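Protein chains: 2
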Amino acid sequence: MFDFGLFDLQTGVKFHLPHSQGSTDFMQTRDIDYRCDDVHSRGYLAWDETGERRPGVLVFHEGLGLGDFAMERARRLASLGYVALAADMFGDRRQARNLQEVATLVGGLRAAPEKLRARGRAALETLAALPQVDGSRLAAIGFCFGGSVVLELARAGADLKAAVSFHGVLPTKMPAVSGSVKASVLVCTGADDPLAPPDQVAAFENEMRAAAVRDWQVISYGNALHGFTNPAADGTMLRTALYNAQADRRSWASMQRLFDEVLT
Amino acid sequence: MFDFGLFDLQTGVKFHLPHSQGSTDFMQTRDIDYRCDDVHSRGYLAWDETGERRPGVLVFHEGLGLGDFAMERARRLASLGYVALAADMFGDRRQARNLQEVATLVGGLRAAPEKLRARGRAALETLAALPQVDGSRLAAIGFCFGGSVVLELARAGADLKAAVSFHGVLPTKMPAVSGSVKASVLVCTGADDPLAPPDQVAAFENEMRAAAVRDWQVISYGNALHGFTNPAADGTMLRTALYNAQADRRSWASMQRLFDEVLT
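Have a look at this one:
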């Protein structure tokens, strides 16, 4: 399982095209290593083998780390025709076992937004450099903590056509400045998410206005809490994180429509 | 043009199936008269002649009155397979020629929400009673003033599967009460619409929460002003009403998706 090549951001693409670790019809999946400074990340790639370059989509995981949920989303994106890279923001594919570990892993990065952005960019550059990816058509999506990564990348002016946050954390230490955001921004948020309360949504909208962001939307789903896209969110780990099939379907469809607009 | 039958809400359906006033492929359109107390309304009906009962959708016009814009939306709905009735809220198909007339016509109804609701209900009952309509699958959409009509109908507990407001006015004198709203509510609003400023959007969301509305969503479109769905909104009549093709397409698509969910 660990016999894949290493992608080195300093020296360029070095990895060899590895064997597939799984497939559904034409779908290919494999782990992919990349580096950001001294952090070794092990992402997860999913794509349909078609021979032509496809738009690339990053998937940023929740506070629990890169696991089944983000991987399944990557495969779903691949089935839609995208090359999807589920990033590993914590390095060594670390996964939190409890809320305290989440707080440590997430807190360390959110307190240092430049580091967080650098990790996001490392994943983006990895994706953009893949032979099956059209580097001029890139997007990023993220869930919970991953939503904030997506938004940080957009604020930093990353070359993304779209940035989609699902129940993401909205405040930032480094607000967007006028003209910095290139991506079409879509924020899908639960109207009852205590991690994205109405005043933070309002502040985010004001940030978008103040930075004259060319294209942004916020969708607020009534009765939806935190983590509404994740079927595993059953309120046990975090009382206020609860799956909501309707908001999950709707937000995914809104993402697809935005991708149809800007990635094709 | 005036030789159609009269639909009388007091005595039941009296109108005869009239000749078509226009058609595109299988599309039929005609005027349709209905009454609410002493007000005679002349609505506009559009449908595809298929022989089977279809879901019915009301279209509530802007403050200018029932005109080309709402009629075109009715035809668009018909082309999607719905029977669409563009209501005439002012009676005698009155149309405002300037903002002062808008203020008079709209103000009179908004000051008397029971009267406004009754007019909306008269249109709903007219639509529901049509032989080509499946009365168990009804929805309503509205633009600007019409958005507030849709929301008033929803608050009043009208038997609607969906209520969609496009750049509608959100405050009400008769807020929804717990359990009153049956419809799935979708509010599509311009983030820069001075007629639906952030505090009113927040108040609306709080109204939905307080009334435990089963299903509601608010979509806020960045950079969109009032009237964003209407190509004729060019800022001349109302400086802050401006067409926005992107927000128009997106909001219409969101409406379609909601209809796919609840009307089929």
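First to last, the protein sequences are chains A and B.
When you line the first sequence up against our numbering, it's residues 7 to 270, in that order.
When you line the second sequence up against our numbering, it's residues 7 to 270, in that order.
Every residue gets a Cβ at the ideal spot worked out from N, C-alpha and C, and that includes glycine.
Nothing here was measured: the structure is a model prediction, and the numbers come from that model.
Problem - Test: Pro204 (chain A) CB closer than 7 Å to a CB of chain B - result: yes
Practice task
Could you have a look at Val155 (chain B) and say whether DSSP puts it in helix, strand or coil?
Solution key: helix
Exercise for the section: State buried or exposed for Ser184 (chain B), treating a residue as buried only when at least 16 other CB atoms are found within 10 Å of its CB. Expected result: exposed
Practice task
Starting from Val112 (chain B), trace the alpha helix (DSSP H) both ways and give me its first and last residue.
Solution key: 105–116
Practice task
Determine the direct distance from the alpha carbon of Asn250 (chain B) to that of Ala234 (chain B), and round the result to whole angstroms.
Solution key: The residue you asked about is not Ala; residue 234 (chain B) is Phe in the sequence shown. About 5 Å.
Handout entry: Reduced DSSP category for Met214 (chain A) - H, G, I as helix; E, B as strand; rest coil
Key = helix
Exercise for the section: Quick one: give me the first and last residue of the alpha helix (DSSP H) that Arg41 (chain B) is part of. Expected result: Here Arg41 (chain B) belongs to no alpha helix (DSSP H); instead the beta strand (DSSP E) covers 33–42.
Problem - Where Trp258 (chain B) meets chain A, residues with beta-carbon distance less than 7 Å - result: Within chain A, no residue comes near Trp258 (chain B); the closest Cβ sits about 11 Å away, beyond 7 Å.
Exercise for the section: Just the chain B side, please: which residues come within less than 7 Å of Val219 (chain A) by C-beta, in chain order? Expected result: Gly228
Exercise for the section: Determine, using beta carbons only, whether Val139 (chain A) comes closer than 7 Å to chain B. Expected result: no
Handout entry: Proximity below 7 Å, CB of Cys42 (chain B) to CB of Ala128 (chain B)
Key = yes
Handout entry: Straight-line gap, Asp198 (chain A) to Arg245 (chain A) (C-alpha atoms, nearest Å)
Key = 12 Å
Problem - Per-residue DSSP class, three states only, for Thr242 (chain B) - result: coil
Practice task
Mind listing the chain A neighbours of Gln223 (chain B)? Cutoff is C-beta to C-beta under 8 Å, in chain order.
Solution key: Ile225, Ser226, Tyr227, Gly228, Arg256
Handout entry: Reference Ala84 (chain A); option with closest CA among A:Thr56, A:Ala117, A:Ala109
Key = A:Thr56
Practice task
Determine the direct distance from the alpha carbon of Cys194 (chain B) to that of Ala124 (chain A), and round the result to whole angstroms.
Solution key: 36 Å
Practice task
Note the first and the last residue of the continuous beta strand (DSSP E) segment covering Arg143 (chain B).
Solution key: 139–149
Problem - Test: Thr270 (chain A) CB closer than 7 Å to a CB of chain B - result: no
Exercise for the section: Determine the extent of the beta strand (DSSP E) in which Asp54 (chain A) is found, giving its start and end residues. Expected result: 45–54
Exercise for the section: Quickly, what does DSSP pair Val175 (chain B) with across the bridge? List them, please. Expected result: The partner list for Val175 (chain B) (beta bridge, DSSP) is empty, contrary to what the question assumes.
Practice task
Could you check what DSSP says for Ala208 (chain A) in three-state terms: helix, strand or coil?
Solution key: helix
Exercise for the section: Report the three-state DSSP secondary structure of Gly196 (chain A) (helix, strand or coil). Expected result: strand
Exercise for the section: Just the C-alpha distance for Val108 (chain B) and Gly153 (chain B), rounded to the nearest angstrom, thanks. Expected result: 15 Å
Practice task
Please confirm if Arg263 (chain A) has its CB atom under 7 Å from at least one CB of chain B.
Solution key: yes
Problem - Gly126 (chain B), enclosing alpha helix (DSSP H) - first and last residue - result: 119–134
Handout entry: Closest residue to Val65 (chain B) among B:Asp266, B:Trp258, B:Val268 (Cα-Cα distance)
Key = B:Trp258
Exercise for the section: Spell out a yes or no on whether the segment 66–82 of chain A and the segment 139–155 of chain A are touching, meaning 3 or more CB-CB pairs, one atom from each, closer than 8 Å. Expected result: yes
Problem - Outcome for Gly28 (chain B) when other beta-carbon atoms lying within 10 angstroms are tallied against a minimum of 16 - result: With a pLDDT of only 47 at Gly28 (chain B), under the threshold of 50, the placement of this residue in the model should not be trusted; the figure read from the coordinates follows. Exposed, because fewer than 16 other Cβ atoms sit within 10 Å of the Cβ of Gly28 (chain B).
Exercise for the section: Determine the chain A residues that contact Met214 (chain B) at a beta-carbon separation under 7 Å, and present them in chain order. Expected result: Gly228
Exercise for the section: Report the neighbours of Ala208 (chain A) on chain B: residues whose CB is nearer than 8 Å to its CB, in chain order. Expected result: Pro204, Ala208
Exercise for the section: Could you list the residues in the segment 180–198 of chain A with a C-beta less than 7 Å from some C-beta on chain B, going in chain order? Expected result: Ala197
Handout entry: Boundaries (first-last residue) of the alpha helix (DSSP H) holding Phe66 (chain B)
Key = Per DSSP, Phe66 (chain B) belongs to no alpha helix (DSSP H); it is in the beta strand (DSSP E), 60–66.
Problem - 7 Å Cβ shell around Lys121 (chain B) - same chain, five flanking residues per side excluded - result: Leu115
Practice task
For Glu211 (chain B), decide whether its Cβ has a neighbour in chain A, counting only Cβ atoms nearer than 7 Å.
Solution key: yes
Handout entry: Limits of the beta strand (DSSP E) - the one that Gln262 (chain A) falls within
Key = No beta strand (DSSP E) contains Gln262 (chain A), which is instead part of the alpha helix (DSSP H) from 251–268.
Handout entry: Of the residues A:Gly62, A:Ser142, A:Lys188, A:Phe96, the one placed nearest Arg82 (chain A), counting alpha carbons only
Key = A:Gly62
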